[in-house]
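Asker: Start counting the sequence shown at 1179; every next residue gets the next number (our numbering).
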Amino acid sequence: MTMLFVLRVPVVTPVAKITSLCEAIKAYATEAATEWAAFDLLFDDIVNNEGHLSLKIWAESRFLAHEVVPIYEAKSRLVLFMHTYMQAASIDYVQPLLPTARVA
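#1: Note the first and the last residue of the continuous alpha helix (DSSP H) segment covering residue 1248.
#2: Are residue 1179 and residue 1241 closer than 8 Å when you measure CB to CB?
#3: Measure from the alpha carbon of residue 1262 to the alpha carbon of each residue in 1244, 1202, 1193, 1226, then state which is nearest.
#4: Whole angstroms are fine: how far does the CA of residue 1239 sit from the CA of residue 1222?
#5: Just verifying my parser: in three-state terms, what is the DSSP assignment at residue 1202?
#6: Am I right that residue 1243 and residue 1214 are in contact with their C-beta atoms under 8 Å? What's the rounded C-beta distance?
#7: Would you kindly work out how many angstroms separate the C-alpha atoms of residue 1234 and residue 1247, rounded to a whole number?
#8: At which residues does the beta strand (DSSP E) containing residue 1186 begin and terminate?
#9: Residues in the same chain with beta-carbon distance under 6 Å from residue 1200, minus the five sequence neighbours each way, listed in chain order, please.
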């Protein structure tokens, strides 16, 4: 079963940090090889008005589609790993404030 995860990486993030993030995710996939068969990491968009790069992670689980609990446990561990890594690396995305319309 293949899952898509989307991370918003701030455009101001140095390339070295982005590279380290991608390498850490790939290393996690290697360490969790009993849960994940393959990972593809692709930057597919720069959203300038929101200030982020869109990193799409295609993760192929080793579990069958009917193994719902193990799939969600593996997904939870992956999401927590990415969140923890980004916090430790000070990669913080804050969505910019949207302008408000003035109603007469």
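Yeah, the Cβ is synthetic: ideal placement off N, Cα and C, and Gly gets one too.
Answerer: Result, derived from the coordinates:
#1: For the purposes of this step, residue 1248 is identified with residue 70 of the sequence shown, where counting begins at 1. 1246-1266 is the span of the alpha helix (DSSP H), which, as asked, contains residue 1248.
#2: Position 1 of the sequence shown, counting from 1, holds the residue named residue 1179. Position 63 of the sequence shown, counting from 1, holds the residue named residue 1241. Yes, Cβ-Cβ distance for residue 1179 and residue 1241 is below 8 Å.
#3: If you number the sequence shown from 1, residue 1262 lands on position 84. Of the listed residues, the one whose Cα sits closest to residue 1262 is 1202.
#4: Translated into positions along the sequence shown, residue 1222 becomes position 44. Translated into positions along the sequence shown, residue 1239 becomes position 61. Straight-line Cα distance between these residues: approximately 22 Å.
#5: The sequence position of residue 1202 within the sequence shown is 24, counting from 1. Correct three-state label for residue 1202: helix.
#6: Mapped onto the sequence shown, residue 1243 falls at position 65. Mapped onto the sequence shown, residue 1214 falls at position 36. Between residue 1214 and residue 1243 the Cβ distance is about 15 Å, and since that is not below 8 Å, they are no contact.
#7: The count along the sequence shown starts at 1 and reaches residue 1234 at position 56. The count along the sequence shown starts at 1 and reaches residue 1247 at position 69. Near 23 Å, if we compare the C-alpha coordinates of residue 1247 and residue 1234.
#8: Counting from one through the sequence shown, the residue named residue 1186 turns up at place 8. First-last of the beta strand (DSSP E) with residue 1186: 1180-1188.
#9: In the sequence shown, the residue the question calls residue 1200 occupies position 22. So the qualifying residues of the chain are 1219.
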